[in-house]
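Chains as they are written, first to last, in our numbering: chain A, 11 to 156; chain B, 11 to 156; chain C, 239 to 653; chain D, 239 to 653.
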Ligand SMILES: Cc1ncc(COP(=O)(O)O)c(C=O)c1O
Ligand SMILES: Cc1ncc(COP(=O)(O)O)c(C=O)c1O
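Spelled out as structure tokens, the structure:
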């Protein structure tokens with residue numbers, strides 16, 4: 011059960027059952043739809059910007075526990091950050107789930123997603139909302155992953 | 011060298027170098043062109059009929075030693091025969107080269123083609139002129155084998 | 239409930255023939271329940287491929303040497319075995335392709351795009367097709383202005399046969415249907431559907447990717463015009479598939495691919511096709527694949543396709559029973575195991591199928607989750623995805639029990 | 239004359255890796271001189287196929303379980319190796335097909351029939367193409383009213399480069415050429431030809447079936463738009479081929495086959511394609527084939543493609559020399575071995591090539607005879623057929639000597 015615990019950490023399960031910032035943002039400055047047609051996962055990310063800064067962020071949609079909890083924790087992590095900071099965080103998050111991050115703990119709560127690196131096919135689940143965030147920041151309307 | 015001798019019998023070499031009835035027949039009652047595009051072999055068979063009987067038969071064209079000698083000996087074998095007799099002979103010849111003929115010697119000179127049965131891919135060479143004869147008898151203009 | 243000992247086949251003996259089944263996954267013995275995606279291979283098939291490469295590898299048909307004749311004999315021998323296996327009239331009715339997908343594309347191009355279909359003609363398909371029996375026909379639709387119709391499905395997973403009454407008309411030129419759904423397991427009455435197609439002069443195309451591996455299939459009895467399946471789903475190597483067609487149909491049809499082997503004559507700008515089935519085998523074929531598939535057919539014949547079928551019916555019945563005890567288990571498809579193949583699609587409460595599959599993986603259990611290349615069917619079922627367990631000759635009731643236990647673990651995690 | 243000991247490679251060590259080379263044929267040790275048709279396989283490749291089936295056989299890309307991840311890693315790993323081998327910019331430029339033939343058909347349909355070609359456009363090919371690079375373009379010609387032109391050849395077997403001056407015009411949309419003739423061995427200046435094509439905005443398609451196995455090939459240096467080759471001719475398994483395309487070209491191009499794997503979304507009547515290269519890989523791929531091809535590439539890399547090339551140049555020189563002593567031997571193609579691949583087409587007096595091949599077969603020597611799927615070239619050479627010996631890494635000067643001795647025996651028989 012070692013790997014299982016690594017993947018489905020308590021916090022991940024908690025966020026998947028009780029996602030934070032899980033609602034529509036009205037009005038939103040930017041929004042994007044991210045989909046993974048393979049599994050039917052689908053999230054909309056809403057952003058309210060203040061200049062360069064993410065003043066508010068929320069999401070809606072459905073997906074597996076990994077993708078949903080990741081979306082939930084993503085919204086917490088990027089709120090208040092600048093675009094650049096958010097993109098940088100995404101890079102580090104991506105390294106984390108790819109098993110390439112040297113110092114996971116420096117990522118704070120997001121470190122719980124480290125276990126995903128043992129399940130390469132789930133990397134897309136963990137990063138779907140982040141890709142969607144990026145698309146929203148770049149004002150692309152929608153993305154599709156597989 | 012056992013199989014080699016079996017395939018390239020003296021008579022086969024002789025007929026391939028000095029094919030009999032190797033000319034155009036003019037006028038011919040029936041004629042057909044047989045081709046094997048794989049190796050470029052190509053023979054025309056000419057027939058002069060008297061009623062049901064092959065009064066004269068000749069051929070022209072080019073091919074390997076097996077196909078040419080077989081054409082040459084075919085013309086000798088069917089001259090004077092009725093259509094039915096010729097077709098029956100073809101059946102037996104086909105059995106011979108397929109290694110299915112119980113009494114090869116009863117086929118007379120044609121028995122030299124028995125060795126072909128050890129080289130299945132050469133069966134088509136040995137039977138090309140026979141197929142062409144059949145096409146001529148059935149008044150099909152041309153056939154192609156591969 | 240089926241008792242575990244009732245199973246008629248000696249599955250342990252069969253399992254011993256499959257080397258992969260003795261491996262462990264993440265420290266647990268492998269329970270392979272994804273044969274609908276691709277099947278495992280018995281040693282005899284693996285050896286036949288090695289043996290080809292080690293002893294008589296040569297290009298087929300054109301080589302005037304011993305090696306080439308041996309290879310040709312084995313390749314054509316495989317064609318004969320496969321023809322007999324599906325009760326074709328002659329080996330000439332069996333063309334080798336790389337997959338079901340290539341076989342169906344060959345028909346769609348050859349009969350549809352390069353063939354006789356015209357604007358106003360209609361193709362009748364169903365909502366339960368695999369993408370491989372959807373997309374090639376969309377090509378025809380787009381290229382020729384042909385209209386497509388899709389027969390619907392009842393909630394329990396049976397085709398709405400009455401839809402054929404209205405959908406098949408004089409305009410219908412092609413009726414295509416899967417013999418067994420890769421998601422629901424539903425076995426469709428293809429013989430009846432072929433009859434309906436023929437009544438209006440349409441051809442009937444059968445996607446047999448999930449049927450030929452699992453039950454006796456007789457193309458003459460079905461009387462379909464074309465039928466397609468894949469070697470890798472029936473114990474055979476990857477990269478080999480079969481296109482069956484009635485000889486007249488194959489003769490009428492244009493080839494998909496041009497190249498070596500499939501031609502009789504080529505001049506600059508002009509080519510004449512070879513005889514069927516070679517016309518459809520452009521390029522050097524997958525010789526090892528075809529020969530290995532022949533050996534897979536031998537293996538299935540030795541078990542007997544009736545026994546294969548019976549085993550899967552029993553196992554499916556057993557598994558449905560065991561799984562129905564798991565809280566939140568919802569199975570799709572017909573309740574009657576005799577009307578379905580050994581495929582069980584399901585959901586578990588509101589746990590996402592991806593999570594189910596990952597947790598089972600940690601238990602050594604390989605199942606599939608997702609849309610199973612049948613998105614229109616997912617839309618019809620109104621689910622984003624399902625989990626799917628599928629069985630074959632080497633699966634046991636104990637494995638069904640392990641699946642049920644695994645699902646209980648999933649519930650624990652998400653409790 | 240090249241001395242036998244000069245050969246730089248340790249061929250005996252290489253031969254020991256190929257199990258088939260220790261077999262006898264009709265009582266004689268096998269001399270395999272038909273690698274241009276299909277190559278033999280080293281144990282490492284044979285084992286990699288068995289190993290896949292025995293240890294981690296699973297469907298790639300979609301499986302959420304360990305086996306599937308292992309299979310996907312190996313399959314995508316093979317793609318990376320192949321991309322590096324031909325110096326592609328990225329693995330995304332490498333799509334797996336079943337053969338060169340499928341690769342070229344994919345281009346002809348995707349770029350030609352379903353693509354942008356219109357009546358009045360022109361395709362420039364050559365007279366020395368293999369049928370697999372002729373017939374697919376005839377399809378385009380017939381479907382789209384596109385005009386074809388064929389660059390000619392000098393009597394000694396070189397492309398008439400000056401023909402390109404007149405044949406390539408503003409109307410030209412595709413220039414297709416074989417990098418190495420499978421009959422004459424002629425190596426064509428594909429880099430120069432690609433440049434000419436690009437000057438008028440045409441794409442350049444290279445048939446590399448006889449080049450990638452035998453010499454270093456760098457797609458970036460050639461700067462071709464598409465390039466095609468087969469695994470079975472380069473020590474790899476049967477049923478696997480490669481379509482290389484510049485990423486932009488692949489993105490622009492329509493897929494040939496519709497089915498699973500190649501789609502992103504399917505609704506009734508509508509499909510959206512997956513990213514390149516997956517868009518071109520409809521259906522379950524030949525996973526064992528791709529993985530085995532990756533191992534073949536490893537094997538060739540270990541020898542070094544420069545060494546492979548050098549070995550064949552030396553062997554061809556040696557063989558041309560040894561054979562020229564045989565009465566009535568007439569070799570086709572360039573005299574300079576450095577401008578040709580290890581392929582020798584010849585005639586022997588007026589002995590028919592079929593008879594040559596049969597007699598050599600009895601001596602254990604496997605060569606090919608016929609039109610070599612290049613009938614238009616045969617017409618150009620004005621011969622009905624030729625005999626052809628072709629070499630690879632495992633061939634030795636002694637085998638060239640045995641070929642010469644075999645030809646003397648042929649002469650004896652026909653004396
Ligand atoms: C130059 C050339 N092109 C294309 C092909 C076709 O390759 P395949 O039969 O593997 O599709 C061959 C080999 O037969 C060839 O030699
Ligand atoms: C019903 C059905 N049709 C077609 C296919 C496609 O088979 P392949 O991927 O071997 O071409 C499959 C399997 O994936 C299937 O289950």
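For glycine and all other residues, C-beta sits at the position ideal for the given N, C-alpha and C. Fair warning: this is a prediction, and the values are worked out from it, not measured in the lab.
Interface annotation for the stretch 495–506 of chain D against chain A: 501, 502, 503, 504, criterion Cβ-Cβ distance under 9 Å. Distances taken from the Cβ of residue 470/D to the heavy atoms of ligand 1 include one shorter than 7 Å. Approximately 15 Å separates the beta-carbon atoms of residue 77/B and residue 145/B; this is outside 8 Å, ruling out the contact. Closer than 7 Å to some heavy atom of ligand 2: that does not describe the Cβ of residue 623/C.
When DSSP states are grouped into helix, strand and coil, residue 539/C belongs to the helix group. At least one heavy atom of ligand 1 lies less than 7 Å from the C-beta of residue 611/D.
Close CB contacts of residue 126/A within its chain, under the 7 Å cut and outside five residues either way in sequence, are with 17, 76, 107, 132, 133, 136 (chain order). In its chain, beyond the 5 residues on either side, 492 have a beta carbon closer than 6 Å to the beta carbon of residue 352/D. C-alpha of residue 574/D to C-alpha of residue 362/D: approximately 27 Å in a straight line. Annotation note: the stretch 74–153 of chain A contains the following uninterrupted alpha helix (DSSP H) runs of length 4 or greater, listed N- to C-terminal: 75–88, 93–107, 133–147. Listed in chain order, the beta strand (DSSP E) elements of length 3 or more contained wholly in the stretch 514–567 of chain D amount to none. Fewer than three beta-carbon pairs drawn from the stretch 363–381 of chain D and the stretch 311–330 of chain D are found closer than 8 Å, and the two stretches are therefore not classed as touching. By the CB criterion at 8 Å, residue 292/C and residue 257/D fall inside the cutoff.
Cα atoms of residue 44/B and residue 103/B: separation of roughly 17 Å, rounded to the nearest angstrom. Taking the Cβ atoms as the reference, residue 415/D lies roughly 12 Å from residue 440/D, outside the contact range of under 8 Å.
The beta-carbon distance between residue 505/D and residue 497/C, rounded to whole angstroms, is 34 Å. This is too long to meet the 8 Å contact definition. Residue 32/B is bridged by DSSP to 69/B. Shown here for residue 335/C: same chain residues with a beta carbon closer than 6 Å to its own, the five before and five after excluded, namely 341, 479, 481 in chain order. For residue 448/C, the shortest separation between its Cβ and any heavy atom of ligand 2 lies below 7 Å. In summary, no residue of the stretch 99–110 of chain A has a CB separated from any CB of chain C by less than 7 Å. Of all residues in the stretch 551–581 of chain C, none comes within less than 9 Å of chain A when Cβ atoms are compared.
Cα atoms of residue 308/C and residue 154/A: separation of roughly 50 Å, rounded to the nearest angstrom.
Taking a Cβ-Cβ cut-off of 8 Å, the neighbours of residue 132/B in chain D comprise 592, 596, given in sequence order.
In the three-state DSSP reduction, residue 445/C falls in the strand class (E or B). In this structure, residue 337/D has its beta carbon less than 7 Å from a heavy atom of ligand 1. Using beta-carbon distances, residue 154/A counts as an interface residue toward chain D, with a partner under 8 Å. For the stretch 64–81 of chain A, the set of positions with a beta-carbon nearer than 9 Å to some beta-carbon of chain C reads 72, 73, 74, 75, 76, 77, 78 in chain order. Its Cα nearest to that of residue 622/D, the residue 53/B stands out among 32/B, 87/B, 40/B, 53/B. About 6 Å separates the beta carbons of residue 631/C and residue 546/C, which is inside the 8 Å limit, making them a contact pair. Going by DSSP, residue 281/C is part of the alpha helix (DSSP H) stretching over 281–289. When C-beta distances to chain D are compared with 9 Å, the residues of the stretch 20–49 of chain A below that value are 45, 47, 48, 49, in chain order. Of the residues assessed, residue 356/C falls on the exposed side of the cut-off, its CB having fewer than 16 other CB atoms within 10 angstroms. Between the alpha carbons of residue 337/D and residue 470/D lies a gap of roughly 8 Å.
Residue 592/D: member of the alpha helix (DSSP H) spanning 591–600, first to last residue. In this structure, residue 522/D has its beta carbon less than 7 Å from a heavy atom of ligand 2. Only residues of its own chain outside the window of five on either side were considered, and among them 529 have a CB closer than 6 Å to the CB of residue 312/C, listed in chain order.
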